[in-house]
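Residue numbers for the sequence shown follow UniProt numbering, so the first one is 1 and each next one is one higher.
The beta carbon of each residue, even a glycine, is placed where N, CA and C say it ideally should be.
What follows is a short report on a single structure.
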Amino acid sequence: MNSAVQISLRLYEEKYKEDLLAFELPPEQAEFTGLPEETLSEAVANPGKTAVVIVQEEQAVGFFVLHRGEGIADFYPNTTGAILLRAFLINYASQGQGIAKAALVLLPDFIRTHFPSVREIVLAVNERNIAAASLYSRAGFLDKGLRRSGGKGPQKVLQYGLDKPLAEMHSSSGIM
């Protein structure tokens, strides 16, 4: 990863909408995630979901949704203390710069700040989406054997415990 990558995670604001709605992905990536044009409105309208923008130089370059409460029961049985990372993506024009990994490194602190009762981050990744599964693994997400059936095939449910010390997380990621 390029150590010079400077990004931030920000709660969604209208000023990012135009950038987000212009996001594009190649078909082999779009198969596994929803573009903001498909997920943003519902994320903003649903009180159990929080839209988050990955920002670089005041430009939206990535997006994801954090989902909490009973709505995540289809993904993970322990809904108390867990938050589900959904629709994680980097706009195709901004890929290859280490932005996705940098965002995942920032994610635990972002969640600790905005959702202090959350103790675990979970996500579901299609078993055929090897690139994404590898990225999540490098960012510290663990495959503890949980599986679910997704609309596009079997999914691994990956977990990240927020009790992991920050120094350990940053040193293992190569980011200081």
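Helix, strand or coil at D74 according to DSSP, with G and I counted as helix: coil
Span separating the alpha-carbon of L162 from that of G151: 29 Å
Three-state class that DSSP yields for A87 in the structure shown: DSSP, read as helix, strand or coil, puts A87 in strand.
Proximity test, Cβ basis, 8 Å: K15 and chain D: Here there is only one protein chain, and chain D is not present.
Beta-carbon spacing of L25, P36 below 8 Å: no
Integer-rounded CB distance, given that F23 should sit under 8 Å from N91: Sure, about 4 Å apart at Cβ, within 8 Å.
Run of the beta strand (DSSP E) containing D143, from where it starts to where it stops: L142 to G150
Span separating the alpha-carbon of R112 from that of V118: In this structure, the alpha-carbon of R112 lies about 7 Å from that of V118.
Beta-carbon proximity of L11 to V52, cut-off 8 Å: yes
Option in S8, V5, Q59 and E31 with minimal Cα separation from E18: Comparing Cα positions, the closest option is Q59.
Contact the region 120 to 135 vs the region 74 to 86: 3+ CB pairs below 8 Å: In this structure the region 120 to 135 touches the region 74 to 86; the number of beta carbon pairs closer than 8 Å is three or more.
Own chain residues within Cβ distance below 6 Å of L104, not counting five before or after: A139
Simplified DSSP state of L111, which is helix, strand or coil: Per the sequence shown, the amino acid found at residue 111 is Ile instead of Leu. Of the three classes helix, strand and coil, the one that applies to I111 here is helix, per DSSP.
Member of Q95, R68, G81 and L142 whose CA lies at the smallest distance from the CA of Q159: The shortest C-alpha separation from Q159 is found at L142.
DSSP-derived helix/strand/coil call for S41: Reduced to three states, the DSSP call for S41 is helix.
Rounded separation between G145 and S134 - CA only: 15 Å
Inter-residue Cα distance where the pair is S8 and E42: Taking the straight line from one Cα to the other gives about 23 Å.
Candidates T80, N126 and V61, of which the one nearest S94 by Cα: Per the C-alpha coordinates, the member of T80, N126 and V61 positioned closest to S94 is V61.
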